[in-house]
Amino acid sequence: MRIVVTVKYVPDINTDRGFEDRRVRRTPDEGTLNELDENAVEAALQLVKAAGEGEVIALTVAPPDGDPALRKAFQLGVDRGIRVSDDALAGADYFGTAAALAAAVRKLEEDGPVDLVVTGMAALDGLGSVIPTLLAAELGRPALTLAKKVTVADGVLAVVREHDDVTEELSAPLPAVLSVTDTANTPRLPNFKLIMAARSKKAEEWTGSDIGLAAPAARTETLSAGPRPERPEVQLVTDKGEGGKALAAYLIENDLV
Amino acid sequence: MTNRTVLVLLDPATEVRSSVLELFTVARGLGTVEAVALEAPTVEVLAQLGAYGVETVRQAEFSAAGGGVVKGDERHLPALVAAALTAAVRRADADVVLLPSSFAAKEAAALTAHALGAGLIIDAAGVAEGADGRVVGSKRVFAGSWDTACAVTTPVAVLTMRANAVVPVPADAPVNTETEPLAVDVPESAVTLTSREVKPRVGDRPPLEEAAIVVAGGRGTDGDFAPVVELADALGAAVGASRDAVFEGWWDTYVGQTGVTVAPRVYIGAGISGAPHHRGGMQASQHIVAVNSDPEAPIFEICDFAVIGELADVLPQAAEEIRRHKG
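Protein chains in written order, with the working numbering: chain G, 17 to 273; chain Y, 732 to 1058.
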C-alpha cells in the first residue's frame, strides 16, 4: 500500500504567533510539525503495517528554509519526504495549496499508484479544515474526512466520522483521500532508533515546474492583519465564602445575565 | 451596492438554528436574501424566514440526470450540499454564499467554491462590502489574538461564519417567502453512507456552538459536573468541557481548537487550567470568567474576571444568586 501524508510546518501554538507583511510569520525555531498531522502520519504507518508492505511518503508545500515538518515526519518513521517549494506558491490560498499537493501526488503516480492520501483534520495555524476536501476534488477521488476510526479491507476504505453533532459511517473504494481527527489514534513518540535513522533521510526538493504546476491565481487578498489590544488586567477574587456572589455580581453588573 | 443576491444555506430545514438567523441578519446588509434548503421547510420555518427578510427559499430536488441517486440522509453530505448551492448560485445569479462554520458546512463551502471558481473565506467573524465594492471577510485568528481582513477577488464569494458574530435581528418589515424548486443534478459519487446519527438535544439547553453563554468544566471538577450544570442551567447556558474531561468520560463535547470553537458573550471555565489547545477554542469570547482552586492557573492570564476557590462552593452560590436575580 502506497500512502502519501500531507504535512505542514506551522508556528508552535505555545509561542507568540503573528503576521508579517500580511502573511503568517514563520521562524524555523518557533515552527513545528502541525500536531494534528502526527495523527495522519500514525494512521498511514499503521495502515501500511496492516497491509504487510508499502511505503509512506510525507509531502509538504513550504518555503525551502528550515523544515521542522519533514524532519519530524522522518523521526516518526516515514520512508520519503518531499517538499514542493516555489515562489509562485508564496501566499497561495486554499486552492493554490490544494492544486500544488494534487500535482505532486500525480507526479508520484508516474512511478506507481498512490492508494491513499492521508491528512490531519486541520492545520493549527489556519484551522480551515478544507484542504482534504479540495485535494480530493482536484484529484477526482472520494474524500472521507474527520475519521475517528479507519479500516481498509479488500480495497475499500471505511470510516466512522464524527463532526459537529453528527456521527456517520462511510465507505469508498481506493484510491481515496482520508482525514483523521486527533482522537483517531495516539501518535508514536520518536525513539532513539528512529531519530538516528531519520538523520540519513533527506527531503527531496521539487519545484512547481517539476510537478507541472500552473499555480492558480489567489481568489482572496489579505488587506490587513493586526494584533488585537491586550485584555485589561483580570479582576481576581479569592473565595472566602462570598466568591460565588462576586461572580454573580460581575455577570449582573455587566448585563450578561 | 445593495443589489447583490446572497444565498444562505438552511440545513436542516425543519428548524432555523440561531447561527442561521445570524447569517440572514448579515445577508440583509449585503443584498437580497435567499435560502437554499435540501428538504421542505416546515410552516414554522417559513414564517421565521419571512420575519428575517428571506425573499425566496430554493428547495433542492435531486435528479439522477447527473448519474447519481440520493438515498435517505445522503442529502446532508458535503458533495450534495455543494451541488445544491452551486446550482442555486447559477440559477439565482447569486454573488455571495453564506454558511455556518460547522465542519460539514466548511466542506460544502469548499466544494461550492471549487465548482464555481469562487473565493473562499472560512470562519469569518464579519462580512461587509469593501471600499471598492468587493466582499470583505474579517477573521479573528491565533486564538483570538489577531484580526485579519480578506477581500474576495472573484465575482462570487463563499464564506462560512462563526456563530455569535452578530445578534440575530428580524427584518424591519416581514416578507412573504416564496418556495421555488431547484433542480440539482446529482454527481456520481463513490462514497457510500452506511449510517448517520444526529445527537439529540438535551432539554432546553442551547447547543454549545451557538450558545450566548457557555460554562465549561475541566480536570478540576474531578468528574463531578453537577455544579457546572447547575450554574449553566441558572444562566440558560450551554455546557462544555476541556478535552481532558471528555477523554476521562466526564462529558461528551469539548471546547478546543479541534473540538467545538466557541465565541459566546460569556465563557465561564470551571476547573480548567487553560492549555493552549483549549484557549484556541474559546479565546475569542467576549467576556472570559474562570473559577479555579489553583491560583497559578494559566487561564487567569486571559480572563476578565476570576475566582480562586473550590468549584463546589463557588458555582452553586453563583447559581443561587443568579436564580434570585432572575426571580
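We treat Cβ as the ideally placed atom computed from N, Cα and C, and that holds for glycine. Note that the coordinates shown come from a computational prediction; the quantities given were computed from them, not determined experimentally.
Determine, for residue i, whether the minimum Cβ-Cβ distance to residues of chain Y falls below 8 Å.
i: Gly242/G; result: yes
i: Thr43/G; result: no
i: Arg96/G; result: no
i: Leu255/G; result: Looking at the sequence shown, residue 255/G is not Leu but Asp. Yes, contact with chain Y.
i: Lys209/G; result: no
i: Gly259/G; result: yes
i: Ser101/G; result: no
i: Tyr110/G; result: yes
i: Glu237/G; result: yes
i: Ile268/G; result: yes
i: Arg247/G; result: yes
i: Val182/G; result: yes
i: Val273/G; result: yes
i: Val250/G; result: yes
i: Leu117/G; result: no
i: Leu105/G; result: no
i: Leu263/G; result: yes
How about residue i: is its C-beta nearer than 8 Å to some C-beta of chain G?
i: Ala841/Y; result: yes
i: His1009/Y; result: no
i: Ser750/Y; result: no
i: Ile853/Y; result: yes
i: Gly755/Y; result: The residue asked about is misnamed: residue 755/Y is Phe in this sequence, not Gly. Not an interface residue.
i: Met732/Y; result: Any reading at Met732/Y needs caution, since the residue's pLDDT is 48, under 50, leaving its predicted position unreliable; the model's value is listed next. Chain G contact via Cβ: absent.
i: Ala894/Y; result: no
i: Pro899/Y; result: no
i: Lys802/Y; result: no
i: Phe1031/Y; result: yes
i: Val820/Y; result: no
i: Pro937/Y; result: no
i: Ala758/Y; result: no
i: Asp1044/Y; result: yes
i: Gln1048/Y; result: yes
i: Gly1000/Y; result: no
i: Phe834/Y; result: yes
Cutting at 7 Å between CB atoms, please list the residues of its own chain near residue i, excluding the five before and the five after it.
i: Val872/Y; result: Thr879
i: Val801/Y; result: Phe793, Leu811 and Val917
i: Gly1012/Y; result: Val986, Gly987, Gln988, Gly990, Val991, Thr992 and Val993
i: Val960/Y; result: Val970
Going by DSSP, what residue range makes up the alpha helix (DSSP H) through residue i?
i: Lys837/Y; result: Phe834 to Leu847
i: Ala85/G; result: Pro84 to Leu92
i: Gly1045/Y; result: Per the sequence shown, the amino acid found at residue 1045/Y is Val instead of Gly. Counting along the chain, the alpha helix (DSSP H) containing Val1045/Y begins and ends at Leu1042 to Lys1057.
i: Ser750/Y; result: Ser749 to Arg759
i: Val977/Y; result: Arg974 to Phe978
i: Pro958/Y; result: Ala957 to Leu966
i: Arg927/Y; result: Run containing Arg927/Y: none in the alpha helix (DSSP H); it sits in the beta strand (DSSP E), Thr923 to Val929.
i: Gln62/G; result: Glu51 to Ala67
Thinking residue i and residue j are a contact (beta carbons under 8 Å), I'd like their distance in whole angstroms, please.
i: Arg927/Y; j: Val182/G; result: 7 Å
i: Ser187/G; j: Val172/G; result: 6 Å
i: Val64/G; j: Val72/G; result: 6 Å
Could you tell me the boundaries of the beta strand (DSSP E) in which residue i lies?
i: Gly156/G; result: First-last for Gly156/G: undefined, no H or E at that position.
i: Lys218/G; result: Element bounds for Lys218/G: n/a, residue is neither H nor E.
i: Gly136/G; result: Leu132 to Gly136
i: Phe793/Y; result: Val785 to Ser794
i: Leu769/Y; result: Careful: Leu769/Y lies outside any beta strand (DSSP E) and carries neither H nor E.
i: Phe873/Y; result: Taken as a continuous stretch (DSSP letters only), Phe873/Y belongs to no beta strand (DSSP E), as it is neither H nor E.
i: Glu184/G; result: Val182 to Pro189
Cutting at 6 Å between CB atoms, please list the residues of its own chain near residue i, excluding the five before and the five after it.
i: Ala214/G; result: Phe90 and Gln91
i: Phe111/G; result: Pro232
i: Gly93/G; result: Leu61 and Leu210
i: Val193/G; result: Val133, Pro148, Leu151, Ala152, Arg157 and Ala159
i: Leu205/G; result: none
i: Val889/Y; result: Val828, Ala840, Thr843, Ala844, Ala849 and Leu851
i: Leu939/Y; result: Ala969, Gly971, Thr984 and Val991
i: Arg1055/Y; result: none
i: Met732/Y; result: Residue placement at Met732/Y is poorly supported in this model, since its pLDDT is 48, which falls under 50; the coordinates still yield a value, given next. So the qualifying residues of the chain are Gly864.
i: Glu178/G; result: Lys164
Spell out whether any CB of chain B is found under 8 Å from the CB atom of residue i.
i: Phe956/Y; result: This model lacks chain B altogether, as its protein chains are G and Y.
Enumerate in chain order the residues of its own chain whose CB-to-CB distance from residue i is below 8 Å, with the five nearest sequence positions on each side excluded.
i: Thr884/Y; result: Gly850 and Arg865
For the region 184-205 of chain G, which residues have a beta carbon sitting closer than 9 Å to at least one beta carbon of chain Y?
Glu184, Glu185, Leu186, Ser187, Ala188, Pro189, Ala192, Thr197, Asp198 and Thr199
Could you list the residues in the region 873-888 of chain Y with a C-beta less than 8 Å from some C-beta on chain G, going in chain order?
Phe873, Ala874, Gly875, Ser876, Trp877, Asp878, Thr879, Ala880, Cys881, Ala882, Val883, Thr884 and Thr885
Just by C-beta distance, which residues in the region 130-149 of chain G are closer than 7 Å to chain Y?
Met137, Ala138, Leu140, Leu143, Gly144, Ser145, Val146 and Thr149
Please list, in chain order, the residues of the region 26-55 of chain G that have any C-beta partner in chain Y closer than 7 Å.
Ile29, Asn30, Arg33, Gly34, Phe35 and Leu52
Going along the chain, which residues of the region 70-95 of chain G sit with their C-beta nearer than 9 Å to a C-beta in chain Y?
For the region 70-95 of chain G, which is checked against every Cβ of chain Y, not one residue is closer than 9 Å.
Given a limit of 8 Å on CB to CB distance, which residues of the region 160-172 of chain G reach chain Y?
Leu160, Thr161 and Leu162
Residues in the region 759-772 of chain Y with C-beta within 8 Å of chain G's C-beta atoms, listed in sequence order?
none
Contact list for the region 979-1004 of chain Y against chain G, Cβ threshold 7 Å:
Gln988, Thr989, Arg996 and Val997
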